[in-house]
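S.K.: Heads up, our numbering is the position in the sequence shown plus 7, with the first residue counted as 1.
A virtual CB, placed ideally from N, CA and C, is assigned to each residue, including glycine.
These figures come from a predicted structure and were not determined experimentally.
Attaching a single structure in structure tokens format; questions to follow.
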Amino acid sequence: MARLPEFDWTLISMPARHFSWRIRANSLWLAGQIPRRPRFDLIIATSMTDLSYLAMRRELAATPRLVYFHENQFAYANAEIDLDICLLQVKTALAADKLVFNTRYNQDSFTAGARDFFLQFPDFPPAGVEQEITHKSSVLPVPIEVQRTDKARLPEKRRILWNHRWEHDKGPELLLAILDDLESSGFDFELVLCGQRFRAIPEALQVVLRRHAEKIVLNEFIEDANAYHAAMRGCGIVLSTALHDFQGLSILEAAALGCIPVVPDRLAYREYVPNRFRYACGRDDRLVEARGAASKIIAVANGELTAEGLGEAIFSEFGWPSWQRRYRELIESMIS
């Protein structure tokens, strides 16, 4: 909305809480917020919206619909996939005229998940769903909002940034295992924790706060963007332990500001993080992953693994200047 002010926007949103209720029932409330005689040229919904219900509204039936998938529940790191929510997202995809995914990994995992899902039907599986989704899909990442500077950057090479939400899908158990491995190897490091946290703190992060307290130089969720970017500029390494990441904005932003990424060899990271910075993923073996990540971190800190030009390349590929025109053209193509 901020980057394309030439359009007249109407924003209808809900607070990010009560996920299980919200994703199933949000359209019931959203429908009541739309005027009975709307004059909208386009509806843009996220993959968290039950667009199939909204599309049944007579006054909206002729309005073009675009769905942006920033995630999909088929590839979510749950012990058991919620097929009810997966079906809702498939129906939302089918109710849209166009679909946009933030990464190829997101699109591929969604279409594959839908295909496998329909194979479970006892009878009357729908035909052609995967082809229809693929036909109307494209990939446009969420552009990053950072300010690069020409000033000499003096990061602490041994300062590790972990800037993820304090939730189980971001791999706090693996983070703890990596820090323990670094500690046992005698590697001297500093730790910055500035991800969003909630009322319930995962047990592994509670252990991190106790066991590695002397290594933590910053432990704060920073809401101000400038202060957050300044904290990232002071770090030499940005670490991901995620079990689920459909784009990885926290990694992209930190890398664009000069941090060297150390990430697992999975998820969307394969699309933009060079192989030499991705640590091998063990088959449910956390210690194998921790050892691999720790060795990458030590190599980066010792200057054995460098990333000349990576920050500039990521900013060039994912910054708003590279995508503003594409987003404008997409919207114009649907309202013309």
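#1: Beta carbon of Leu225, beta carbon of Leu200: below 8 angstroms?
#2: Provide the residue(s) that pair with Tyr286 in DSSP beta bridges, ordered along the chain.
#3: Would you list the residues sitting across from Tyr75 in a DSSP beta bridge?
#4: How is the alpha helix (DSSP H) around Arg217 delimited, first residue to last?
#5: In whole angstroms, what separates the C-alpha of Val214 from that of Val307?
#6: Could you tell me the distance, in whole angstroms, from the CA atom of Val280 to the CA atom of Pro268?
#7: What span of residues does the beta strand (DSSP E) with Val146 cover, start to end?
#8: So, is Asn109 buried or exposed, given that buried needs 16 or more other C-beta atoms within 10 angstroms?
#9: Could you give the distance in angstroms between the alpha-carbon of Phe14 and the alpha-carbon of Arg65?
#10: Among His171, Leu294, Asp231, Ile258, which residue has its Cα nearest to the Cα of Glu2?
#11: Report, in whole angstroms, the separation of the C-beta atoms of Ala103 and Val74, which I expect to be a contact under 8 angstroms.
#12: Grab me the residues of Ile151's own chain with a C-beta within less than 7 angstroms of its C-beta, minus the 5 sequence neighbours each way, in chain order.
#13: Does the stretch 282-299 come close enough to the stretch 326-341 that 3 or more CB-CB pairs lie under 8 angstroms?
#14: DSSP three-state call for Arg166: helix, strand or coil?
#15: Counting only the same chain and skipping the five closest in sequence on each side, list residues whose C-beta sits under 7 angstroms from that of Gln114.
#16: Do Pro162 and Gly243 come within 8 angstroms of each other at the CB atom, strictly closer than that value?
M.R.: Looking at the atomic coordinates:
#1: yes
#2: Pro271
#3: Thr53, Val107
#4: 210-218
#5: 26 angstroms
#6: 7 angstroms
#7: 144-146
#8: buried
#9: 24 angstroms
#10: This structure leaves residue 2 out entirely; the chain is present only between 8 and 343.
#11: 4 angstroms
#12: Leu256, Leu259, Glu260, Ala263, Phe325, Gly326
#13: no
#14: strand
#15: Phe108, Ser144, Val146
#16: yes
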